[in-house]
Structures are given as structure tokens and as C-alpha cells.
Amino acid sequence: MQGGVWAGLESVDLAQLRAVREKAGNMAASWRLRCDLRVLRYLLGFGSHRSLGLAQGAAAWPVGRGGSWRWFHGTQLLQDPIKILMPSLSPTMEQGNIVKWLKKEGEAVSAGDSLCEIETDKAVVTLDANDDGILAKIVVEEGAKNIKLGSLIGLMVEEGEDWKHVEIPKDVGAPPPVSKAAGPPPQPSPQPQISSPARKEHAVGTPRFRLSPAARNILEKHSLDASQGTATGPRGVFTKEDALKLVELKQMGKITASRPAPAPPSTLSASVPPLATAGSSYPRPMIPPVSIPGQPNAEGTFTEIPASNIRRVIAKRLTESKSTVPHAYATANCDLGAVLKVRRDLVKDDIKVSVNDFIIRAAAVTLKQMPGVNVSWDGEGPKQLPSVDISVAVATDKGLITPIIKDAAAKGVQEIADSVKVLSKKARDGKLLPEEYQGGSFSISNLGMFGIDEFAAVINPPQACILAVGRFRPVLKLSEDEEGNPKLQQHQLITVTMSSDSRVVDDELATRFLESFKANLENPMRLA
């Protein structure tokens, strides 16, 4: 061997080395051993299977320390790539989109480096590398959508390995099918002819109408076709009146039946669906036809808008909330006169806080005073939450997201204001970390800056309550002066509406919460 091979091996026991070399000589009939520094270090227990290039799980060479040796055989020198899988970046995430790869194939990667940006059901999150090495292969290109959790999206190898000839592991297979935003919808697989009702094909050029239920029944009963008349309903719907006109024309002999009368249904086996009768042969479009891209929209068509993962999850969770959570609502008006005065005084000291920051602080103080409202419902029962973590709704281009002010009851108004500014910017930039928007014990949604007087918000499960805040507005109220004389005075009022889960926060508890919240907000000294 060359002298360089022995560099750094002064502490190696020569007896052990001779034993290893003898074993290697016995195995030379099955494969050739390249005896270099990496192999020797691995043989003597100073390296891992990856540093040698052995496939994980394959038989390895005898390695060990302190006289403990393990002998295996049948080893092959193979690339063992490090798999990059689609991770779960939020509790509700089921699939993700590859927004952008931040590393290129063949580029060196260190642990902690950003590999790619993944759009979850909540935000765009950066995936960081856990190992050092080289990005060998990008399996799923950027722009791919609906990648299932655990799917292979890339491969890495360790430094010094041949990254250009890395192959996708056989146990993983090809990447799952993905959908592009502009790709055509997948075509359904053809079904056996016996399992689907026969449909009457329309001739080329024959107009197809959307029928009202009453019109459909009349046309089927009198064996008429909608193409013999004119649709006068909204958006081209063939109405009951249009069908009755056709019946009158038929009775006057001006038109004839265009379809055979419905035949009585025949008795068929339970395993074979009956063929369609004349009554079901007329197709009913469930939706208007899709417009053709690049051409002016024809009457009655629509344009399909691709939905992001965030939009899909918002739609799913809102539907689940309204259909499974018993919402109850309570509304109160709060006078902001004292808050606005304190805010003006803070501005003089160059301290910038918003009215919403006072509202968050008032809600946090009230939740601390009434822990019975700081609860959640996990499907089995209520849970008392130890910390007051308030979710603040932030509108972004991709949808609504709720970053969390952690332990809001322990923070002052200015500290809350700083946290809201930072989290709101990260939310709009799509840079929120999962721990910054997951969880929360109470939500606040404020539409006052959009001129909304009042509204009711949808509860964000598993939380039990959400407070909807409108704009503050001047209102004239009759009050008494110091001498007891009545006078009109202008007040700045806001309307807040709390939506509560009746399973854990009943009407009486919600009412007391709003009373305490109103008292705290109208007296800023309580928020200090």
C-alpha cells in the first residue's frame, strides 16, 4: 500500500488490520476491494456505511471497537441516497405544493440550509436540510401541486459520492401524480357499459338546455323535447311555462312528439342496474359549460379559478365548523372614549399602538379573569387551557390566517402591538412558522378598518370562541352634566359580537364575559 493510505492511522492495531485484510482477500472472488482511506477507516470502525457508500440494510463488513467484531458478507458498493420526503408541517396538512427549489442539483448542502419552499394548508414554509451532503436529484419539480405526505420529492448523497448517477430507490417508486394549476382536469377512467345508464347522444348542432324540475316532468310526460321550444328563464333555463307552451302547441297539432313515450321498467337482476328510460335520456348539465381560455366568454359559461391549498382548507374548516359546532351569538357596544384619550397621550410620547391592540389586551385580561372561557373542545369534551394565546385574524392574498399572540395576558399593550406588527408582516409574506399559527385559545377578527359596523364570525375549532369587532363610530347619547341637567354628548362606540360554542360556553357565561370585557376596555387603567 502507498504511504498516504496509512496517514492518520497511527493508533490502528496492526494485528486487527492484518485480520481485516485477510478477510478481504477471501472476499475478493466476489468483488474487488478498492483499499483506500475511507475503506480502511470503515473496516476499523471509524466510519459509517454512508461514508463507504453501502446501501442501508445491506450486509456490511466486520466493524466494531474494543474487540467486538460483527461479520457479514455479500456486501455491494452501492449509492445510498438520503431521501427527502414531503413533511407534515401542520396538524391539518394532508398534502403540499412545491413552490420553489432553493438548491440546484449538484449543489452542496449543509445541515440547516433551506432546500425548498412548500405551500401547506396554512402558509408557505421553508424545508431545511437535516444532513450535510449534495442535492443529487429533484424528483418533484417546483410548481407541482397536491403532493401527499411522505412522498419522495428529492434525493441527497454525502460529499464525495457520485451524485450524477443516483437512481430513485426501488422501494419508493415513481413520484405520485401531481396536478399543475394550468393543467387539464384528469379524465375519468372508462366504466363498463353495463354499469352505467345508457344516455341518448345529442346530434351535432342540437341545442342543449338546462331544465327546471317542473319543465322536465312535463316534457317527459308529453314526450316532448326542449329543443322544440324557446328557453325564457334566467341564464337560459327552460322553465315550466316554456314546457306548457310546447304542450299547447302539441294539442293544436303544430308540433309532434319527438321522443317515444316512457316504457314501463323491466325487472332486472339486483346486480345489474336498469337501462335508462326515455325520461332519463335527456341529460341535465349540473353546471354551465366552461369557457375556452383566450376567447370571449359565451353566454351561460363560467371561468374556473384554481384554488390554493389554503383556500381549500379554509373552505373545509369553515364548513365543518358551521355544520358541527353549535354557534351562539352575543353582542355589546363599548365606549372607546377613554381608550382614544390614552392612545393620543401615547402618541405624544412616540408610542404607536392601535385600538385593536387595546382590544387584544382587554380580551386577554378578561380571559385571565374568566378561565372558563379560555377552553377548547377536542371532540370528546372540553379542555381547560393554561395559557391565554390569542389568535388574530390577518387577511392575505391567499386567504385568512390567524397568527398567535402567545401568553397575551402577560404582555402590555405596546408589547402586543410589536408582536402584531411582526406577525402580520410575516403572514402577508407567507413566512409564518408552524408554531406561530398553530394552536391558540381565543380568536379576534377585526373588520373595523374596512368600514364594517358589526358582523358575526365563524368559530375556529377546536377553540370555543371568536370575537368579531366592527369600526368605532360617533354616536350622540343623552347624558347628564355635573349639575344633573340632560345634554347631548358624542361618544365613540364599537360593536363587538362573540360567537361561542354552546357545548362549553353557554349563553350566561358568554354574557358575563362580554360584560367584563366591556368594563375592562372602557377603563384602560384595568389593562395596566
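Take any residue in the sequence shown, note its place counting from 1, add 188, and you have its number in this note's numbering.
Using N, Cα and C, we set each Cβ at its ideal position, and we do this for glycine too.
Computed from a predicted structure; not experimentally measured.
N- and C-terminal bounds of the beta strand (DSSP E) containing residue i
i, result
"ALA656", "653 to 657"
"SER579", "578 to 580"
"ALA324", "321 to 326"
"LEU588", "587 to 589"
Closest by C-alpha distance to residue i, when choosing among the options
i, options, result
"GLN424", "LYS409, GLU305, SER400", "The residue you asked about is not Gln; residue 424 is Gly in the sequence shown. The shortest Cα separation from GLY424 among LYS409, GLU305, SER400 belongs to SER400."
"VAL345", "SER509, ASP319, GLU429", "ASP319"
"PRO563", "VAL646, PRO574, GLY636", "It should be noted that the sequence gives Val, not Pro, for residue 563. Of the candidates VAL646, PRO574, GLY636, the one whose C-alpha sits nearest the C-alpha of VAL563 is PRO574."
"LEU709", "THR444, LYS336, ILE548, LEU506", "ILE548"
"ALA516", "LEU676, ALA526, VAL692", "VAL692"
"PRO650", "ASP641, ASP523, LYS571", "LYS571"
"ASP606", "VAL535, TRP289, VAL541, ALA552", "VAL541"
"PHE426", "GLN439, ASP268, ARG404", "ARG404"
"ALA656", "MET686, ASP585, LYS609", "MET686"
"GLY552", "GLY569, SER579, GLU492, VAL535", "Here residue 552 is Ala; the residue named in the question, Gly, does not match the sequence. Taking only the C-alpha atoms, the option nearest ALA552 is SER579."
"ASP538", "TRP351, LEU555, GLN602, GLN439", "GLN602"
"GLN626", "LYS291, PHE643, THR590", "THR590"
"LEU506", "VAL608, VAL646, PHE638", "VAL646"
"PRO279", "LEU621, PHE490, THR491", "LEU621"
"ALA652", "GLY618, LEU715, THR512", "THR512"
"LYS510", "SER688, PRO559, THR554, THR584", "SER688"
"VAL312", "GLU703, THR444, ASP545, THR584", "THR584"
"MET558", "SER704, GLY525, ARG398", "SER704"
"GLY569", "VAL327, GLY639, SER690, GLY658", "SER690"
"GLU307", "PRO514, LYS333, GLU329", "LYS333"
Where residue i falls: helix, strand or coil (DSSP)
i, result
"PRO674", "strand"
"GLU307", "strand"
"THR394", "Because the pLDDT at THR394 is just 46, under 50, the model does not fix this residue reliably, and the value given afterwards should be weighed accordingly. Here THR394 sits in coil by DSSP."
"ALA698", "helix"
"SER276", "coil"
"ASN708", "helix"
"PHE643", "coil"
"GLY361", "With a pLDDT of only 48 at GLY361, under the threshold of 50, the placement of this residue in the model should not be trusted, and no figure is reported."
"GLN626", "coil"
"VAL535", "helix"
"ILE341", "strand"
"THR507", "helix"
"ALA296", "strand"
"ILE592", "strand"
"ASN634", "strand"
"LYS352", "helix"
"LYS529", "helix"
"ILE733", "This structure cannot speak to residue 733, because the chain is shown only from 189 to 716."
"VAL425", "strand"
"ILE502", "helix"
Any C-beta of chain B under 8 Å from that of residue i
i, result
"ALA583", "Of the protein chains in the structure, only one exists, and it is not chain B."
Residue i: first and last residue of the uninterrupted alpha helix (DSSP H) it sits in
i, result
"SER667", "That residue, SER667, is in no alpha helix (DSSP H); its beta strand (DSSP E) goes 661 to 668."
"GLN602", "601 to 616"
"PRO401", "401 to 409"
"LEU434", "428 to 439"
"ASN285", "That residue, ASN285, is in no alpha helix (DSSP H); its beta strand (DSSP E) goes 283 to 289."
"THR554", "543 to 557"
Per DSSP, the bridge partner or partners of residue i
i, result
"HIS679", "VAL663"
"ALA518", "MET686"
"GLN572", "VAL563"
"LEU315", "CYS304"
"THR512", "DSSP, once it has assigned bridges, lists no residue as partnering THR512."
"THR584", "GLY587"
"ILE270", "MET344"
"ASP413", "Partner(s): none; ASP413 has no beta bridge."
"ILE335", "GLY284"
Any non-hydrogen atom of the ligand ATP closer than 7 Å to residue i Cβ
i, result
"LYS428", "Ligands in the displayed structure: none, and consequently the ligand ATP is not present."
- Say whether the region 427 to 435 touches the region 407 to 417, bearing in mind that this needs 3 or more beta-carbon pairs closer than 8 Å, one atom from each stretch. yes
- Is it a yes or a no for the region 662 to 673 touching the region 612 to 623, going by three-plus beta-carbon pairs under 8 Å? no
- Taking one C-beta from the region 582 to 601 and one from the region 283 to 290 each time, how about it: are there three or more such pairs within less than 8 Å? no
- Message: Using a Cβ distance threshold of 8 Å, determine whether the region 496 to 507 contacts the region 680 to 693, with at least three qualifying pairs required.
- Response: no
- Counting Cβ pairs closer than 8 Å, one from the region 630 to 647 and one from the region 666 to 675, do we hit at least three? no
- Message: Three or more C-beta pairs under 8 Å: does that hold for the region 320 to 331 against the region 292 to 305?
- Response: yes
- Item | Cβ pair count under 8 Å reaching 3, the region 331 to 339 against the region 267 to 281 | yes
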